[in-house]
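Enquirer: Input: one structure, supplied below.
2 protein chains.
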Amino acid sequence: MTLKAIQQTVRQQVDEALSGVISTLPDHAPELKAAMHYALTAGGKRMRPLLVHLTGNMLDLPRTDQLTISMAIECIHAYSLVHDDLPAMDDDDLRRGQPTCHIKFSEATAILAGDALQTLAFSILAEQPLSAFGDKQRAKLIGSLARASGYLGMCGGQAIDLASTGNLIDVDQLKQLHRLKTGALLTACVDMTCRASESIAPESHTLLCRYAELIGLAFQVQDDILDLTASTETLGKPSGSDVALGKNTFPSLLGLDTAREELAKLHQQALQALDGLPYNTDYLVAFTDLMVNRDH
Amino acid sequence: MTLKAIQQTVRQQVDEALSGVISTLPDHAPELKAAMHYALTAGGKRMRPLLVHLTGNMLDLPRTDQLTISMAIECIHAYSLVHDDLPAMDDDDLRRGQPTCHIKFSEATAILAGDALQTLAFSILAEQPLSAFGDKQRAKLIGSLARASGYLGMCGGQAIDLASTGNLIDVDQLKQLHRLKTGALLTACVDMTCRASESIAPESHTLLCRYAELIGLAFQVQDDILDLTASTETLGKPSGSDVALGKNTFPSLLGLDTAREELAKLHQQALQALDGLPYNTDYLVAFTDLMVNRDH
Numbered sequence: 283m284t285l286k287a288i289q290q291t292v293r294q295q296v297d298e299a300l301s302g303v304i305s306t307l308p309d310h311a312p313e314l315k316a317a318m319h320y321a322l323t324a325g326g327k328r329m330r331p332l333l334v335h336l337t338g339n340m341l342d343l344p345r346t347d348q349l350t351i352s353m354a355i356e357c358i359h360a361y362s363l364v365h366d367d368l369p370a371m372d373d374d375d376l377r378r379g380q381p382t383c384h385i386k387f388s389e390a391t392a393i394l395a396g397d398a399l400q401t402l403a404f405s406i407l408a409e410q411p412l413s414a415f416g417d418k419q420r421a422k423l424i425g426s427l428a429r430a431s432g433y434l435g436m437c438g439g440q441a442i443d444l445a446s447t448g449n450l451i452d453v454d455q456l457k458q459l460h461r462l463k464t465g466a467l468l469t470a471c472v473d474m475t476c477r478a479s480e481s482i483a484p485e486s487h488t489l490l491c492r493y494a495e496l497i498g499l500a501f502q503v504q505d506d507i508l509d510l511t512a513s514t515e516t517l518g519k520p521s522g523s524d525v526a527l528g529k530n531t532f533p534s535l536l537g538l539d540t541a542r543e544e545l546a547k548l549h550q551q552a553l554q555a556l557d558g559l560p561y562n563t564d565y566l567v568a569f570t571d572l573m574v575n576r577d578h
Numbered sequence: 283m284t285l286k287a288i289q290q291t292v293r294q295q296v297d298e299a300l301s302g303v304i305s306t307l308p309d310h311a312p313e314l315k316a317a318m319h320y321a322l323t324a325g326g327k328r329m330r331p332l333l334v335h336l337t338g339n340m341l342d343l344p345r346t347d348q349l350t351i352s353m354a355i356e357c358i359h360a361y362s363l364v365h366d367d368l369p370a371m372d373d374d375d376l377r378r379g380q381p382t383c384h385i386k387f388s389e390a391t392a393i394l395a396g397d398a399l400q401t402l403a404f405s406i407l408a409e410q411p412l413s414a415f416g417d418k419q420r421a422k423l424i425g426s427l428a429r430a431s432g433y434l435g436m437c438g439g440q441a442i443d444l445a446s447t448g449n450l451i452d453v454d455q456l457k458q459l460h461r462l463k464t465g466a467l468l469t470a471c472v473d474m475t476c477r478a479s480e481s482i483a484p485e486s487h488t489l490l491c492r493y494a495e496l497i498g499l500a501f502q503v504q505d506d507i508l509d510l511t512a513s514t515e516t517l518g519k520p521s522g523s524d525v526a527l528g529k530n531t532f533p534s535l536l537g538l539d540t541a542r543e544e545l546a547k548l549h550q551q552a553l554q555a556l557d558g559l560p561y562n563t564d565y566l567v568a569f570t571d572l573m574v575n576r577d578h
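Listed in order, the protein sequences are those of chains G and W.
Numbered according to my numbering, the first sequence spans residues 283 to 578.
Numbered according to my numbering, the second sequence spans residues 283 to 578.
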């Protein structure tokens, strides 16, 4: 099966499962429910569920566990986009070519939808089906997701991002920003999948998390490059918006050529991490290429 | 020991424990860390931890478990206040006589601080110490807190509140609003304490949750009455602000006298629920009086 075909299947399964969870909610707050559904299903590429799936299949993790982990991750991811787009934050009107949540609904509803989606992530991890072994690991999975999402991860990274916008920082600080803001959640995909897996050796767990950190950073370097080089149409959001907002980016700090070299280096290091694993990593190699060579 | 003395001890323990958790966070986002600390320790009465403590002592639940549950609850409570006060929500500048989080810091930092405090609640429940039995119940405690906090509870109630502000609703709708917006989290205090307790009978668990629902509603009726009758100085926020905002309140729908009768009825029903328990409920009876007869 090609990676593209797998991605399509995973995307469809996750979309259906998330729509299913929202549709079972009662209708006491229809606007909030609609905003949660909108934010969760607004055309995401589902790269994180794909990473969970490829890692999970490699480790023989049951599909049930993969799906529960993926749904929780996507709730956190969706909430973070809704809040990042708010007027007080990045003030974005478009996301993937569609109106952002606060434009489509209202600012108050977008704040609440983000809040409720974060809660839903933990609700899913606490209550959705997991295999017998995964079930014993629930609290550890929740701890892993919480670390990746809060002050120690994504929220902390977003705060550094806000504080550094309009101020020059160095490359190490920019790397730390992205390690927290986007890397932590990607790493949590792999960390949770490893924790739910009965058989994995600690060294493999460490290598896989290292791999995820590297592709997380590579993903961001590529994001910065695309913001500078791709068209608004391809991106689904205005190109050049990072520069317009006064954000530090890898190309702005390093120049475009050196940023591309950095991307190639991270790509190689990610592949090296995979090389150390006692598994067939063909799909993860292909996933790495997909993350690094994407055009939007 | 008087209830007042217990309350003081609980308050001090929870304040110290929460400050301790924040102080162990690294300093990568100092503004966010300061805002989280500010929101968590801004002079709350810690009624929820007191309820956990009184219920927990009655059920012989170890102090460790009480403290972990209380800390998580207070993180959710603090986050909800920060987000409710935002300009797009209730737009409040004062809370307990102090500047609200977005006034003291910034709107972006307040949004993020709320987000990170919600995450911290689940992080605490997933990773802070619990007794051997409590540890086995972690996922259930997390599930209970998530239900009470998200669309099915607090966030859903806040959405109904926003949608109904400026529109007349009936008393049943107002009750549902408050059952979700504030009642669910108070009930979660008791529900989590019962779930962590090894010995409680299902009937007692049900009665205690019923008790919590009733005092949650009584608390809100009293809140509405105080907003109308107490001074700004006593409240620490502008009196009459509910009416100014076009909120539906129990006195606005029922009249002040009938609202007071409703409060007395809820008080009696709460005491009846306690009567059915095979425990010494003296402290919970005193707690009920404290909730109903408070003057701010």
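Even for Gly, the Cβ is constructed at its ideal location relative to N, Cα and C.
Pick out whichever of Tyr493/G, Gly498/G, Tyr561/G and Ala483/G has its Cα sitting closest to the Cα of Lys463/G.
Expert: Here residue 463/G refers to the residue found at position 181 when the first sequence is read from its first residue. Here the closest residue by C-alpha is Gly498/G.
Enquirer: Under a Cβ-count criterion, where at least 16 other Cβ atoms within 10 Å of its own Cβ denotes burial, should Asn575/W be classed as buried or exposed?
Expert: Here residue 575/W corresponds to residue number 293 of the second sequence, with the count starting at 1. By the neighbour-count criterion, in which 16 or more other beta carbons inside 10 Å mark a residue as buried, Asn575/W falls on the exposed side.
Enquirer: Please report the distance separating the alpha-carbon of Leu536/G from that of Gln504/G.
Expert: By one-based count along the first sequence, residue 536/G stands at place 254. By one-based count along the first sequence, residue 504/G stands at place 222. If I take the Cα positions, the gap works out to 13 Å.
Enquirer: Can you tell me the Cα-Cα spacing of Asp397/W and Thr401/G, whole angstroms?
Expert: One-based indexing of the second sequence puts residue 397/W at position 115. One-based indexing of the first sequence puts residue 401/G at position 119. Looking at the two C-alpha atoms, the distance is approximately 10 Å.
Enquirer: So which residues of chain G does Ile451/W contact, with C-beta pairs closer than 7 Å?
Expert: One-based indexing of the second sequence puts residue 451/W at position 169. Result: empty, since nearest Cβ-Cβ is about 12 Å, beyond 7 Å.
Enquirer: Touching or not, the stretch 409-423 of chain G and the stretch 416-429 of chain W, by the rule of three or more beta carbon pairs under 8 Å?
Expert: yes
Enquirer: Around the C-beta of Glu643/W, are 16 or more other C-beta atoms found within 10 angstroms, so that it is buried, or is it exposed?
Expert: Because chain W spans 283 through 578 in this model, residue 643/W falls outside it and cannot be assessed.
Enquirer: State yes or no: is the beta carbon of Glu495/G nearer than 9 Å to at least one beta carbon in chain W?
Expert: If you number the first sequence from 1, residue 495/G lands on position 213. Not one chain W Cβ lies under 9 Å of Glu495/G.
Enquirer: Asp367/W and Cys383/W: beta carbons closer than 9 Å?
Expert: Here residue 367/W refers to the residue found at position 85 when the second sequence is read from its first residue. Here residue 383/W refers to the residue found at position 101 when the second sequence is read from its first residue. Going by C-beta atoms, Asp367/W is nearer than 9 Å to Cys383/W.
Enquirer: By a C-beta neighbour count over all protein chains shown, 10 Å radius and 16 as the cutoff for buried, is Ala430/G buried or exposed?
Expert: On the first sequence, position 148 is the one that residue 430/G refers to. Classification for Ala430/G: buried.
Enquirer: Bridge partners for Pro381/G per DSSP, in chain order?
Expert: Against the first sequence, residue 381/G aligns to sequence position 99. Per DSSP, Leu376/G.
Enquirer: Thinking Val292/W and Leu343/W are a contact (beta carbons under 8 Å), I'd like their distance in whole angstroms, please.
Expert: Along the second sequence, read from residue 1 onward, the residue named residue 292/W stands at position 10. Along the second sequence, read from residue 1 onward, the residue named residue 343/W stands at position 61. Contact flag wrong, Cβ pair sits at about 14 Å.
Enquirer: In chain W, which residues lie less than 9 Å from Pro368/G when you measure between Cβ atoms?
Expert: Within the first sequence, residue 368/G is the residue found at index 86, counting from 1. Looking at the sequence shown, residue 368/G is not Pro but Leu. Here the neighbours are Ala370, Glu389, Ala390 and Ile393.
Enquirer: Taking the beta carbon of Leu527/G as the centre, do at least 16 other beta carbons fall within 10 Å, making it buried, or is it exposed?
Expert: Position 245 of the first sequence, counted from the start, is the residue given in the question as residue 527/G. Leu527/G is exposed by the Cβ-count criterion.
Enquirer: Considering only residues of the same chain and omitting the five flanking positions on each side of Met573/G, which have a CB-CB separation below 8 Å?
Expert: Translated into positions along the first sequence, residue 573/G becomes position 291. Result list for Met573/G: Met329, Ile497, Ala500, Phe501 and Gln504, in chain order.
Enquirer: Could you check what DSSP says for Ser388/G in three-state terms: helix, strand or coil?
Expert: Sequence index remark: in the first sequence, residue 388/G carries index 106 (1-based). Three-state DSSP puts Ser388/G in coil, outside helix and strand.
Enquirer: Are the stretch 353-367 of chain W and the stretch 354-366 of chain G touching by the rule of at least three beta carbon pairs closer than 8 Å?
Expert: No, the stretch 353-367 of chain W is not in contact with the stretch 354-366 of chain G.
Enquirer: Cα-Cα, which of Tyr493/G, Ile351/G and His319/G is closest to Ala478/G?
Expert: The residue labelled residue 478/G in the question sits at position 196 within the first sequence. For the residues Tyr493/G, Ile351/G and His319/G, the minimum Cα distance to Ala478/G belongs to Ile351/G.
Enquirer: Is Leu314/G near Ser301/G, with beta carbons less than 9 Å apart?
Expert: Locating residue 314/G in the first sequence gives position 32, counting from the first residue. Locating residue 301/G in the first sequence gives position 19, counting from the first residue. Contact: no.
Enquirer: Nearest to Asp609/G by alpha carbon, out of Asp564/G, Gln551/G, Asp524/G and Thr469/G?
Expert: Shown here, chain G extends from 283 to 578; a query on residue 609/G therefore has no answer.
Enquirer: Tell me the DSSP secondary structure of Asn562/G in three-state form.
Expert: Stepping through the first sequence from its first residue, residue 562/G is reached at position 280. Looking at Asn562/G - three-state DSSP - the assignment turns out to be coil, as it is neither helix nor strand.
Enquirer: Alpha carbon to alpha carbon, how far is Pro411/W from Glu409/G?
Expert: The residue you call residue 411/W lines up with position 129 of the second sequence. The residue you call residue 409/G lines up with position 127 of the first sequence. Approximately 21 Å, taken between the alpha carbons.
Enquirer: Can you pull the chain W residues whose beta carbon is under 7 Å from the beta carbon of Ile424/G, in chain order?
Expert: On the first sequence, residue 424/G is found 142 positions in, with the first residue counted as 1. Within chain W, the residues near Ile424/G are Phe404, Ala408 and Ile424.
Enquirer: Whole angstroms are fine: how far does the CA of Met318/W sit from the CA of Val303/W?
Expert: As a position in the second sequence, residue 303/W is number 21, starting the count at 1. As a position in the second sequence, residue 318/W is number 36, starting the count at 1. Rounded to whole angstroms, Val303/W to Met318/W spans 11 Å at the Cα level.
Enquirer: Nearest by alpha-carbon distance to Ala428/G: which of Leu407/W, Leu434/W and Leu427/W is it?
Expert: The sequence position of residue 428/G within the first sequence is 146, counting from 1. Looking from the CA of Ala428/G, the closest CA among Leu407/W, Leu434/W and Leu427/W belongs to Leu407/W.
Enquirer: Residues of chain W with CB closer than 9 Å to the CB of Glu356/G, please, in chain order.
Expert: Working through the first sequence from its first residue, we reach residue 356/G at position 74. Those do not exist, as Glu356/G stays about 15 Å from chain W at its closest Cβ, beyond 9 Å.
Enquirer: Report the rounded CA-to-CA distance for Arg345/W versus Gly338/W, giving the unit in angstroms.
Expert: In the second sequence, the residue the question calls residue 345/W occupies position 63. In the second sequence, the residue the question calls residue 338/W occupies position 56. Distance between the alpha carbons of Arg345/W and Gly338/W: 8 Å.
Enquirer: Report the three-state DSSP secondary structure of Thr464/W (helix, strand or coil).
Expert: As a position in the second sequence, residue 464/W is number 182, starting the count at 1. Helix at Thr464/W.
Enquirer: Between Ser601/W and chain G, is any beta-carbon pair separated by less than 9 Å?
Expert: With chain W represented from 283 up to 578, any question about residue 601/W goes unanswered, as that position is not in the structure.
Enquirer: To the nearest angstrom, how far is it from the Cα of Cys491/W to the Cα of Leu336/W?
Expert: On the second sequence, residue 491/W is found 209 positions in, with the first residue counted as 1. On the second sequence, residue 336/W is found 54 positions in, with the first residue counted as 1. Whole-angstrom Cα-Cα distance: 14 Å.
Enquirer: Terminal residues of the continuous alpha helix (DSSP H) containing Gln502/G?
Expert: Walking along the first sequence from the start, residue 502/G turns up at place 220. From DSSP, the alpha helix (DSSP H) with Gln502/G extends over Pro484 to Thr511.
Enquirer: CB-CB under 6 Å to Gly416/W, same chain, minus the five flanking residues each way: which ones, in chain order?
Expert: Taking the first residue of the second sequence as 1, we reach residue 416/W at position 134. Leaving aside the five residues that flank Gly416/W on each side, the residues in its chain whose CB is nearer than 6 Å to its CB run, in chain order, Asp347 and Ala478.
Enquirer: For a contact meaning CB atoms closer than 8 Å, what does Met318/W contact in chain G?
Expert: For the purposes of this step, residue 318/W is taken as the residue at position 36 of the second sequence. By Cβ distance, chain G contributes Tyr433.
Enquirer: Quick one: list the residues of chain G neighbouring Asp473/W, beta-carbon separation under 8 Å, in chain order.
Expert: Position 191 of the second sequence holds residue 473/W. Result: empty, since nearest Cβ-Cβ is about 13 Å, beyond 8 Å.
Enquirer: CB-CB under 6 Å to Gln440/G, same chain, minus the five flanking residues each way: which ones, in chain order?
Expert: Taking the first sequence and counting its residues from 1, one reaches residue 440/G at position 158. Closer than 6 Å at the Cβ level, and outside the excluded window around Gln440/G, lie Lys463.
Enquirer: Listing by chain order, which chain W residues have their CB less than 8 Å from the CB of Thr401/G?
Expert: To locate residue 401/G, count along the first sequence from 1; it is residue 119. Simply Gln400, Ala428, Ser431, Gly432, Tyr433 and Cys437.
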